[in-house]
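Undergrad: Could you have a look at this structure, given as C-alpha cells, before my questions?
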Amino acid sequence: MTTLFTPFFASSRRGDAWFFAGLKSSFPNLDKSGVDIIHEAKPCENGESVPGCKVFSVPASDSSKAEQVEGDDMILHDGVALQDQVLIFQYKGRVHAVDNWEVELRPVKDKQGDNEDAEEVWVRRKQRLG
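Per the working numbering, the sequence shown runs over residues 1 to 130.
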C-alpha cells in the first residue's frame, strides 16, 4: 500500500537542505516593533553587541554553500540576486527567517555539559508540494 503514495513525495533537493545560522544566543532579542533599525548593533545574551539580524546568501542549487553577508553588503545589493538571500532575526524570543524559509531550533550537543539551554538555529527553504 505504501507504493501508492510514493509518487506524491518529492525527493529532497540540495537547495532545500538545512544550514547552520548560529546559536540562538548570537541573535539579539528585538522586543519593540518599529523602534529598532534591524541591521544596527544590539546587545546579545552573551554581552556582545552584534547586528540585530543576520543575512545569508544561499544558492538555490545548494544551500550547504550558504555564506553570511556582513557589514555594508547587508544594505548595498550590487546586483546580488535578493531571492537567494534570507534575513534571520529574533523577535520577542522567537527566531524568524524571511521570506519562504523555515527555522528549526536544535539543542547544542555540548560535550562538557556547560550550557544545556543553548540552541542552534538551522534554516532551510520551505518545502514546495507537488
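Cβ coordinates follow ideal geometry from the N, Cα and C atoms, glycine included.
Since this is a predicted model, take the numbers as computed values, not measurements.
Just tell me which of Q127, D62, K54 and C44 has its CA closest to the CA of F89.
TA: K54
Undergrad: From the DSSP secondary-structure annotation, give me the bridge partner or partners of A41.
TA: Residue pairing by DSSP places A41 opposite P51 in a beta bridge.
Undergrad: Can W101 and V69 be called in contact, C-beta distance under 8 Å?
TA: In this structure, V69 does not lie closer than 8 Å to W101 by Cβ.
Undergrad: Start and end of the beta strand (DSSP E) containing P28?
TA: Looking at the DSSP string, P28 is not in any beta strand (DSSP E), and its letter there is neither H nor E.
Undergrad: Please name the residue in Q127, R128, R106 and R125 whose C-alpha comes closest to that of L23.
TA: R106
Undergrad: Rank S61, S63, S26 and A41 by C-alpha distance to the C-alpha of G93 and give the top, closest one.
TA: S26
Undergrad: Nearest to D16 by alpha carbon, out of A66, E48 and E40?
TA: If we check each option's Cα against that of D16, A66 comes out closest.
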